[in-house]
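Since the structure comes first, as structure tokens, the remarks are kept for the end.
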Amino acid sequence: MKKKGVGMACVLHPTGNKGAGDPSNAAIQLKPDGTLVLLVGAVDLGQGSTTILRQFAADLMEVPIEHVFASNFADDFAPLSLGSFASRVTLIDPHAVENAAEDLKKKIREYASDLLEAHPDDLEYKEGKVFVKGAPDRSMTLAEVGGASMFGGGADPALLVGTGAWQPARFHPHDPETGAMPAVGAISFGACVAEVEVDTETGMVDVTKLTQVWEVGKAVNPLLVRQQINGGLHPGLGTTLTENSYPYYPNPDWAPENFSDYALPTFLDYPEETLWGIEEVPHPAGVKGAKGFSEGSTNGPPPAIMAAIHDAIGIWIDEYPATPEVILRALEAKEASG
Amino acid sequence: MKQILSFILNGSPVDVIVTPTETLLDVLREKLGVTGPKRGCDDGDCGTCTVLLDGEPVRSCLTIALTVAGREVLTVEGLSTDGDLHPLQKAFHEHGAFQCGFCTPGMLMSAKALLDHNPTPSRTEIREYMSGNLCRCGSYEEIIEAIQVVAAGEYAPSGGKE
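Protein chains in written order, with the numbering used here: chain S, 74 to 411; chain R, 1104 to 1265.
This is the structure in structure tokens:
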């Protein structure tokens, strides 16, 4: 007999640390052809951190994103970032990029002042050009500044690199009265609703529909946000229903050795209907209001699915994963206890 | 005992010396430098080594190389023509149908086989046909969407979206 149920869960997901300090650095170098090289230590594992940091650099330097080169293989010699974890990159690294961009603009104004015969304070940077305030025809493009700094042409050679560093306000001792402590940089908010069908003869749980909505501050790249919402569902679903490192714990000899034993969710395990939503409430600590959220999308589905199972069969399953064996044993125990 | 294996790889004849125990994946990656097919589980579970053998999807990690003698093998390297991406590649790109990209070569080959056999699959048919390919980044929804838009003709060579 198939029984249906609905469950929901809410998630508060901390993004970025505060207690121990959480620094990131960045550098932006002007090349002789006017393009920019962005060096960041955050490693892109496919989540798109390099993409969004390029977006920030392009926005801040007011140039097309195609003019900003950033590489994932530069992390050995790039300025350091504490790392791509704790959903921290979107909150913290853009600040370092912002500071690096401001530093590079300042250096461009200083370098161009000889060539444009004006004091740096009288120069303005806008849309890839540096020009004399009030006399926009006395201007140089980024390519002209980059070319001059490399090959001369009336000025001394120079390497124009803007550098930036940032971290959230440092550790505050917790309040002895209340215990309160600002432990994280920002919090993102998520909600998940799951609908399931539980087969009481086989113990199989089928998640038929799942909806996740996340409040992300500012969706710097909505396609990447969508990927993170639906992507986090994968380990979330597996944790809840199929993935078990030690099914016969504490005996490690029978640990799974392949993907047949350690069952990752397939296309068929994903809900027949998978919905997602993005909410934006700009966060005061983020550049353009952006903050991270990604890992939180793994945390909503497990409690939502467990609540849906409870709704379907009236039992709170208190172990993960809720495999058919676990479900059937729980149903038997319920029947035995009358 | 070593033998010369001759087959058609991405439209061109190749000859390569192989041993009887080498898999097609070994030969493609280690001897021919064709690294599109990935070595994921090396056990037939994950599907990222999928190639098309005479148009049918096979796990190259489970295929003994000598069994492809005289036959046609298509890998992800053979999907684009004259530098122009295959409609599925364009759709995967624009619809964000991957994150780390490790499963993508296998996903593309399975999706091509699906559409070659069934040009207008339903959502259920896509889920069933593709269920032998795993994606740990969880891009299933985006992959389904990419296959659907290709099936709908959005990236068709004649007058479709570039």
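Note that CB positions come from ideal geometry on N, CA and C, so glycine has one too.
Check	Outcome
Inter-stretch contact (C-beta, 8 Å, three-pair minimum) for the region 115 to 130 of chain S and the region 139 to 149 of chain S	yes
Interface partners of L189(S) on chain R, CB under 9 Å	Correct list: empty, because the minimum Cβ distance to chain R is about 42 Å.
Helix, strand or coil at H1196(R) according to DSSP, with G and I counted as helix	helix
Complete beta strand (DSSP E) runs within the region 218 to 258 of chain S (minimum length 3 residues, chain order)	234 to 239
Alpha carbon of E392(S) to alpha carbon of E288(S), nearest angstrom	29 Å
CB contact below 7 Å: L337(S) versus chain R	yes
Chain S contact for R1057(R) (CB, 7 Å cutoff)	Only positions 1104 to 1265 of chain R appear in this structure, which leaves residue 1057(R) out of reach.
Contact set between G304(S) and chain R, taken where Cβ atoms lie within less than 8 Å	Q1202, C1240, G1241 and S1242
Partners in chain S for G1209(R), counting only beta-carbon separations shorter than 8 Å	Per Cβ cutoff of 8 Å: no residues; G1209(R) is ~13 Å from chain S at best.
V170(S) beta carbon less than 7 Å from that of F142(S)	no
Which of helix, strand or coil DSSP assigns to P141(S)	The sequence shown places Val at residue 141(S), rather than the Pro named in the question. Strand, per DSSP.
Contact with chain R by T347(S), beta-carbon distance below 7 Å	yes
Beta-carbon proximity of K180(S) to L233(S), cut-off 7 Å	yes
Nearest-angstrom Cα separation, counted from T1151(R) out to G350(S)	30 Å
Short Cβ contact (7 Å threshold) for I378(S) with A267(S)	yes
Where D166(S) falls: helix, strand or coil (DSSP)	helix
Cβ-based neighbour list, A231(S), same chain, cut-off 7 Å, excluding 5 preceding and 5 following	Y184 and S222
Whole-angstrom C-beta distance between I390(S) and V399(S), which should lie under 8 Å	6 Å
Cross-chain neighbours of L341(S) in chain R, by beta carbon under 8 Å	R1230, E1231 and S1234
V84(S) versus S261(S) - alpha carbon distance	8 Å
Same chain, Cβ closer than 8 Å to H1196(R), neighbours up to 5 away in sequence not counted	L1188
Where D1219(R) falls, given that 16 or more other Cβ within 10 Å makes a residue buried	exposed
Closest Cα partner of M1104(R) within the set P1123(R), D1118(R) and L1177(R)	P1123(R)
Cutoff 7 Å: N317(S) Cβ touching any chain R Cβ	no
Alpha helix (DSSP H) segment containing F129(S), residue limits	S122 to M134
Assigned secondary structure, G1263(R) (DSSP; H/G/I helix, E/B strand, else coil)	Confidence is the limiting factor: at G1263(R) the pLDDT is only 43, short of 50, which leaves the residue's position unreliable, though a coordinate-based value still follows. Looking at G1263(R) - three-state DSSP - the assignment turns out to be coil, as it is neither helix nor strand.
C-beta contact flag for G365(S) and S97(S) at 7 Å	no
Boundaries (first-last residue) of the alpha helix (DSSP H) holding D384(S)	P374 to I386
Straight-line Cα distance separating V293(S) from F1201(R)	18 Å
Three-state secondary structure assigned by DSSP to E1175(R)	strand
P213(S) - partner residues in DSSP beta bridges	For the record, residue 213(S) in the displayed sequence is Met; it is not Pro. V203(S), per the DSSP bridge assignment.
Same chain only: Cβ atoms within 6 Å of L297(S), ignoring 5 sequence neighbours per side	G121
Where E1265(R) falls, given that 16 or more other Cβ within 10 Å makes a residue buried	Confidence is the limiting factor: at E1265(R) the pLDDT is only 42, short of 50, which leaves the residue's position unreliable, though a coordinate-based value still follows. Result: exposed.
Chain S contacts from the region 1130 to 1157 of chain R (Cβ-Cβ distance under 8 Å)	C1144, D1146, D1148 and C1149
CB contact below 7 Å: L1237(R) versus chain S	yes
Own chain residues within Cβ distance below 7 Å of K407(S), not counting five before or after	I388
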